[in-house]
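*Asks:* Got a structure for you, written out below as structure tokens; questions coming shortly.
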């Protein structure tokens, strides 16, 4: 059978363009013993993929590579003992509509009572990143002030809500008035800043955080982060989850020197790898499911339909087109 | 009796100058009940005092303030129950050759078998900073690579040696060939870099750290730190003890964006306040004394003689005039 696939045609310079990708076709052979034929259902597009193209996130993506990311698929045919047709699986999969797989690294998905796409959003690595990074690194305490950047995104929108559940005052920074309204009315954030229409983000942060900032959950880096980190309280914690403002940098870039602030304010600035929390994923998923079931945690997905639109969805991340997790339905 | 004192006459712009200080005189009254007359013996000059003048380190020092820092003094006369003439005390003291004090916050010094000045160096906050920050934040493990900046200074020279005692490969960065020789021959560092004569610090770090860097003990900030942090291994720890390169900044300055590296490499970047380790000072001092007694830890002091030379000694910190701790003997 014929399958579609998407390759990185060339490394992007600055924000990725459709021309950096190409759609190809491949004839799939029959499956052999131990193999599965998978039909891809949902594919996750994520900012870290851009960092792979810049070489910062390892292993890098180079021109000619078939793109890959987390995806949910259905087993169509199986010559492997562990899987049967109809099974839904999660794994790092190449961007193909159908593919042959040896089953390694795939997780069979139970029925969580939530749509399958949730395994790429709130019950997947973005929800788990929000949960573990905020609780383990940010260590929120009641009455502390938490600022979240990229707050309408997949991780930020969950992190801010968990902050609220833990008793923090939560201020979100995002790129449109609609997003700010959504964070306040739907997610329960205390306040929000639309950085695109706010002339002085720092002044806005100051006025919304009269007691300073105890935790900064950062998804963006760049000037927004400079403005926030400048206003941290002593012993503040900066959870560095992403740095989307820097992934498209074409020059080496310049920024506010961060180290003096780390000294002056005794800050903790920390990155993390969500895979390192693997042993605790069940705990995290359980907690997130409880909150969802209790109506205390909203999760949003921006779902684009059509395999061919994967590049468009990915590029949309850098244009702020998503509320919550950006996912392509194949 | 007449006492001398030193005020901050004006806030320095860039590197402090002698003209930023002035020497004054004051008639001391007789001591009253509860008071002590102290004769200052040794005064510590430290880079963080410059940060106080820039407002970054709180509380700030402003023009007209009498300078103050850690000092060792002798009780000359006492009208307080807790102290008797001849007692040696440690405390934050104004820069005066004689002073009247109410005893609050003073620590009576036992005979450690080391010179009294050691309470301002290896047994004082600089030695304790090296010990606690390296072990608690840096968490050195055998065979890891530790890079120390400001490595010939008060904290760096101790931190590097403790790294060696814990089995690390230790590379020091300092500002002269003499200092590099001293670190290698006297302190047992594996290698050193004289950043003043090395055209490309980053390349030198790369060639001396073929396995990357696991711990960076930073006393300087600025371009040296950028070069080192760029070469950290995944899960590297950056212990931010000082940022002397930035204390004299007159503009807001620019630097390498640090946050993307924190994401890519899952780094920990942390500052600290040595006073927060107060409950464990006895442990730290005990450990440092053991190592000194066993001949495993060298400590150096650069002692300038004469109260009037306090400004010169302080300014000397920014000209790299010290090996080990800079102290003025009154």
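Residue numbers (the numbering used here), protein chains in the order written: chain A, 1 to 330; chain B, 331 to 660. Built from N, CA and C at the ideal position, the CB exists for glycine as well.
So, is residue 301 (chain A) buried or exposed, given that buried needs 16 or more other C-beta atoms within 10 angstroms?
*Replies:* Along the first chain, one-based indexing puts residue 301 (chain A) at 301. Buried: at least 16 other Cβ atoms inside 10 Å.
*Asks:* May I ask you to report which of helix, strand or coil DSSP gives residue 589 (chain B)?
*Replies:* Sequence index remark: in the second chain, residue 589 (chain B) carries index 259 (1-based). Three-state DSSP puts residue 589 (chain B) in a helix.
*Asks:* Under 7 Å Cβ to Cβ from residue 596 (chain B), same chain only, skipping five residues before and after it: list those, please.
*Replies:* Locating residue 596 (chain B) in the second chain gives position 266, counting from the first residue. These residues qualify, in order along the chain: 564 and 565.
*Asks:* Assign residue 207 (chain A) to buried or exposed, taking buried as 16 or more other Cβ atoms, counted over all protein chains shown, within 10 Å of its Cβ.
*Replies:* Walking along the first chain from the start, residue 207 (chain A) turns up at place 207. Its Cβ having fewer than 16 others within 10 Å, residue 207 (chain A) is exposed.
*Asks:* Between residue 270 (chain A) and chain B, is the shortest Cβ-Cβ distance under 7 Å, so that the two count as touching?
*Replies:* Walking along the first chain from the start, residue 270 (chain A) turns up at place 270. For residue 270 (chain A), the answer is yes, since a Cβ of chain B falls inside 7 Å of its Cβ.
*Asks:* Should residue 333 (chain B) and residue 366 (chain B) be called a contact, given that it needs their Cβ atoms to be closer than 7 Å?
*Replies:* Counted from its first residue, the second chain places residue 333 (chain B) at position 3. Counted from its first residue, the second chain places residue 366 (chain B) at position 36. In this structure, residue 366 (chain B) does not lie closer than 7 Å to residue 333 (chain B) by Cβ.
*Asks:* Tell me which residues share the same chain as residue 643 (chain B) and place their Cβ nearer than 7 Å to its Cβ, disregarding the 5 neighbours each side in the sequence.
*Replies:* As a working note, residue 643 (chain B) is residue 313 in the second chain. Answer for residue 643 (chain B): 375, 634, 656 and 658, listed in chain order.
*Asks:* Please confirm if the region 480–492 of chain B is in contact with the region 595–612 of chain B, defined as three or more CB-CB distances below 8 Å between the two stretches.
*Replies:* Flag = no, the region 480–492 of chain B and the region 595–612 of chain B do not touch.
*Asks:* For my contact list, residue 344 (chain A) and residue 147 (chain A) are in at a C-beta cut-off of 8 Å; report their separation, rounded to the angstrom.
*Replies:* This structure gives no information on residue 344 (chain A), because the portion of chain A shown stretches from 1 to 330.
*Asks:* Going by C-alpha distance, which of A:150, A:204, A:288 and A:116 is nearest residue 317 (chain A)?
*Replies:* Position 317 of the first chain, counting from 1, holds the residue named residue 317 (chain A). Answer by Cα proximity: A:150.
*Asks:* Under 8 Å between beta-carbons, which chain A residues line up against residue 595 (chain B)? List them in chain order, please.
*Replies:* Here the question's residue 595 (chain B) lines up with position 265 in the second chain. Here the neighbours are 271.
*Asks:* Using a 10 Å radius around the Cβ and a threshold of 16 neighbouring Cβ atoms, would you call residue 70 (chain A) buried or exposed?
*Replies:* By 1-based counting over the first chain, the position of residue 70 (chain A) is 70. Buried: at least 16 other Cβ atoms inside 10 Å.
*Asks:* Looking at C-alpha atoms only, which residue of B:453, B:364 and B:430 is the closest neighbour of residue 621 (chain B)?
*Replies:* Counted from its first residue, the second chain places residue 621 (chain B) at position 291. Nearest option by C-alpha distance: B:453.
*Asks:* Mapping the DSSP letters down to three states, classify residue 222 (chain A) as helix, strand or coil.
*Replies:* For the purposes of this step, residue 222 (chain A) is taken as residue 222 along the first chain, with counting starting at 1. Three-state DSSP puts residue 222 (chain A) in a helix.
*Asks:* Counting Cβ pairs, one atom from each stretch, are 3 or more of them under 8 Å apart for the region 55–62 of chain A and the region 72–91 of chain A?
*Replies:* At 8 Å Cβ cutoff, the stretches do not touch.
*Asks:* Would a check of beta-carbon distances place residue 329 (chain B) closer than 7 Å to chain A?
*Replies:* For residue 329 (chain B) there is no data in the structure shown, the boundaries of chain B being 331 and 660.
*Asks:* Output the distance between the C-alpha atoms of residue 348 (chain A) and residue 99 (chain A), rounded to the nearest integer angstrom.
*Replies:* The structure shown does not extend to residue 348 (chain A), since chain A spans only 1 to 330, so no value can be given for it.
*Asks:* Once DSSP output is grouped into helix, strand and coil, what is the label at residue 299 (chain A)?
*Replies:* On the first chain, residue 299 (chain A) is found 299 positions in, with the first residue counted as 1. In this structure, residue 299 (chain A) counts as coil in the three-state DSSP scheme.
*Asks:* For residue 246 (chain A), return the contacting residues in chain B, with the cut-off set at a CB-CB distance below 8 Å.
*Replies:* Along the first chain, read from residue 1 onward, the residue named residue 246 (chain A) stands at position 246. Result: 587, 589 and 590.
*Asks:* Report yes or no: do the region 19–28 of chain A and the region 277–291 of chain A share at least 3 C-beta pairs separated by less than 8 Å?
*Replies:* Short answer: they don't touch.
*Asks:* With a 10 Å radius around its C-beta and 16 neighbouring C-beta atoms as the bar for buried, classify residue 220 (chain A) as buried or exposed.
*Replies:* Within the first chain, numbered from 1, the residue matching residue 220 (chain A) stands at position 220. Result: buried.
*Asks:* Can you list the residues of chain B that residue 242 (chain A) reaches, using a CB-CB cut of under 8 Å?
*Replies:* Here residue 242 (chain A) refers to the residue found at position 242 of the first chain. Ordered by position in chain B, the residues that pass the 8 Å Cβ test against residue 242 (chain A) are 593.
*Asks:* Report all residues from its chain with a CB closer than 6 Å to the CB of residue 91 (chain A); omit the five preceding and five following residues, and keep chain order.
*Replies:* As a first step, residue 91 (chain A) is located in the first chain; it is residue number 91 there, counting from the start. Closer than 6 Å at the Cβ level, and outside the excluded window around residue 91 (chain A), lie 105 and 106.
*Asks:* Give the DSSP-derived three-state secondary structure of residue 162 (chain A) in the structure shown.
*Replies:* In the first chain, residue 162 (chain A) corresponds to position 162, counting from 1. Of the three classes helix, strand and coil, the one that applies to residue 162 (chain A) here is helix, per DSSP.
*Asks:* Taking residue 114 (chain A) as the reference, give the member of A:306, A:309, A:298 and A:308 with the closest Cα.
*Replies:* Within the first chain, numbered from 1, the residue matching residue 114 (chain A) stands at position 114. Among A:306, A:309, A:298 and A:308, the Cα nearest to that of residue 114 (chain A) is on A:298.
*Asks:* Closest to residue 624 (chain B) by CA distance: which of B:495, B:440, B:362 and B:370 is it?
*Replies:* What you label residue 624 (chain B) is simply residue 294 of the second chain in a count that begins at 1. Closest by alpha carbon: B:495.
*Asks:* Return helix, strand or coil for residue 620 (chain B), following the three-state DSSP convention.
*Replies:* Residue numbering aside, residue 620 (chain B) sits at position 290 when the second chain is read from its first letter. Looking at residue 620 (chain B) - three-state DSSP - the assignment turns out to be helix.
*Asks:* Using the beta-carbon of each residue, which ones in chain B are nearer than 7 Å to residue 218 (chain A)?
*Replies:* On the first chain, position 218 is the one that residue 218 (chain A) refers to. The contacting residues are 589.
*Asks:* What residue does the beta strand (DSSP E) around residue 456 (chain B) start on, and which one ends it?
*Replies:* Translated into the one-based positions of the second chain, residue 456 (chain B) becomes position 126. Looking at the DSSP string, residue 456 (chain B) is not in any beta strand (DSSP E); the run it does join, the alpha helix (DSSP H), is 455–462.
*Asks:* According to DSSP, simplified to helix, strand and coil, what is residue 116 (chain A)?
*Replies:* On the first chain, position 116 is the one that residue 116 (chain A) refers to. Reduced to three states, the DSSP call for residue 116 (chain A) is helix.
*Asks:* Can you list, in chain order, the residues of its chain with a C-beta nearer than 6 Å to that of residue 645 (chain B)? Leave out the 5 residues immediately preceding and following it.
*Replies:* Stepping through the second chain from its first residue, residue 645 (chain B) is reached at position 315. Hits under 6 Å: 346.
*Asks:* Taking residue 416 (chain B) as the reference, which of B:426, B:439, B:425 and B:423 has the closest Cα?
*Replies:* Within the second chain, residue 416 (chain B) is the residue found at index 86, counting from 1. That would be B:439, whose Cα lies nearest to the Cα of residue 416 (chain B).
*Asks:* Bridge partners for residue 656 (chain B) per DSSP, in chain order?
*Replies:* Translated into positions along the second chain, residue 656 (chain B) becomes position 326. DSSP, once it has assigned bridges, lists B:632 as partnering residue 656 (chain B).
*Asks:* Rounded to the nearest angstrom, what separates residue 380 (chain B) and residue 592 (chain B) at their Cα positions?
*Replies:* To locate residue 380 (chain B), count along the second chain from 1; it is residue 50. To locate residue 592 (chain B), count along the second chain from 1; it is residue 262. Roughly 28 Å separates the two Cα atoms.
*Asks:* For a test of the three-state rule: what should DSSP assign to residue 84 (chain A), helix, strand or coil?
*Replies:* Here residue 84 (chain A) refers to the residue found at position 84 when the first chain is read from its first residue. Residue 84 (chain A) falls in the coil class under three-state DSSP.
*Asks:* From residue 503 (chain B) to residue 484 (chain B), what distance separates their C-alpha atoms?
*Replies:* Here residue 503 (chain B) corresponds to residue number 173 of the second chain, with the count starting at 1. Here residue 484 (chain B) corresponds to residue number 154 of the second chain, with the count starting at 1. Each residue's Cα considered, the two are about 13 Å apart.
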